[in-house]
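With mature numbering (1 follows the signal peptide of the UniProt record, and there is no 0) applied, the sequence shown corresponds to residues -21 to -1, 1 to 167, in that order.
No residue lacks a Cβ here, since even glycine has one placed at the ideal position from N, Cα and C.
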Amino acid sequence: AGGVQFGWALQLSLLTPYVQELGIPHAWASVIWLCGPLSGLFVQPLVGHSSDRCTSKYGRRRPFIVAGAVAISISVMVIGHAADIGWAFGDREGKIKPRAIVAFVLGFWILDVANNMTQGPCRALLADLTGKVPDFSVDWVKGSKFGILVIIHSHAKHGNAQICDFGYNLGYWSIAIKRSLLCFWSVA
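Laid out in structure tokens, this is it:
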């Protein structure tokens, strides 16, 4: 699952600066970003449905993970060499490089589809491998109550003089409250 996040990080960090280097106006970058929600809307449900019913000898999830990884590798190479691909197809010196832009956008869309194609089966594979997880809601409630007692004890003992602990304690309060609410909703 960590490799999928690398693909998303690559995509998020490179799009706008590289697109502008190729000559696409900044306003058009948002149109290219549209591929994320669109591919996520269609690709993940289709791949999830297909991987749930896959009967490959390598498992239900692994063929989709491997296919997505290969597609990610190809798309990263296309994106990284978009200017060279554009030059090979006729782009010459100029402010706008239309063939490089086409190669980049095509590689970017393939990267987004491949990331979405890999993410669902990776998560499902982890769930398949872990099996049935016991219900920890009782432990969460106990942990939340203990955390609240620690915070109250800390403030009673040290007072409000320790400002540096205030942010930490505030964060702990929010975690304790969230856990308590989650437990309440799961029991109710």
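Output yes or no for whether 7 Å exceeds the beta carbon distance between residue -14 and residue 95.
-> no
Out of curiosity, what's the CA-to-CA distance linking residue 65 and residue 108?
-> 44 Å
Relative to the C-alpha of residue 101, which residue among 8, 43 and 2 is closest?
-> 43
Smallest Cα separation from residue 78: which of 6, 1 and 28?
-> 1
Specify, as a first and last residue, the run of the alpha helix (DSSP H) that residue 60 falls within.
-> Per DSSP, residue 60 belongs to no alpha helix (DSSP H) and is neither H nor E.
Best match in 104, 27 and 91 for proximity to residue 49 [C-alpha to C-alpha] | 91
Candidates 74, 24, 29 and -3, of which the one nearest residue 85 by Cα = -3
Anyone know if the C-beta pair for residue 15 and residue 97 falls short of 7 Å?
-> no
My guess is that residue 74 and residue 62 are in contact by the Cβ rule of under 8 Å, so how many angstroms apart are they, rounded?
-> Incorrect: roughly 13 Å between the Cβ atoms, too far for contact.
Identify the continuous alpha helix (DSSP H) that holds residue 21 and give its terminal residues.
-> 14 to 31
Straight-line CA distance for residue 31 to residue 39?
-> 6 Å
Report the rounded CA-to-CA distance for residue 41 versus residue 99, giving the unit in angstroms.
-> 11 Å
Looking only at its own chain, which residues have a Cβ that is under 6 Å from the Cβ of residue -11, when we skip the five neighbours before and after it?
-> 90
Can you name, in chain order, every residue of its own chain whose Cβ lies under 6 Å from the Cβ of residue 70, other than the five neighbours on each side?
-> 76, 78 and 79
Coil, strand or helix - residue 107 by DSSP = helix
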